[in-house]
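Chemist: Residue numbers (the numbering used here): 17 to 57. Even glycine gets a Cβ: it sits at the ideal position worked out from N, Cα and C. To start, I am sharing the structure in question, which I have written as structure tokens.
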């Protein structure tokens with residue numbers, strides 16, 4: 017395979033993993049924030 021193709025695949029894989037991690041963190045943050053406000057009421 018071409019080196020550029022490998023570099024593109026690795027870069028894309030890293031970007032997907034990073035986005036998935038960020039999405040999970042944001043979801044967890046919103047989830048806990050919503051729960052906290054519900055408990056505070």
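Roughly how many angstroms separate the alpha carbons of residue 22 and residue 45, rounded to a whole number?
Modeler: The residue labelled residue 22 in the question sits at position 6 within the chain shown. The residue labelled residue 45 in the question sits at position 29 within the chain shown. Cα-Cα distance, rounded: 35 Å.
Chemist: Quick one: Cα of residue 40 to Cα of residue 26, how far?
Modeler: Here the question's residue 40 lines up with position 24 in the chain shown. Here the question's residue 26 lines up with position 10 in the chain shown. Their backbone Cα atoms lie some 21 Å apart in a straight line.
Chemist: Whole angstroms is fine: what's the gap from residue 36's alpha carbon to residue 28's?
Modeler: As a working note, residue 36 is residue 20 in the chain shown. As a working note, residue 28 is residue 12 in the chain shown. Cα to Cα, residue 36 sits roughly 12 Å from residue 28.
Chemist: What's the gap between the Cα of residue 34 and the Cα of residue 47?
Modeler: In the chain shown, residue 34 corresponds to position 18, counting from 1. In the chain shown, residue 47 corresponds to position 31, counting from 1. When the Cα atoms are used, residue 34 and residue 47 turn out to be separated by approximately 20 Å.
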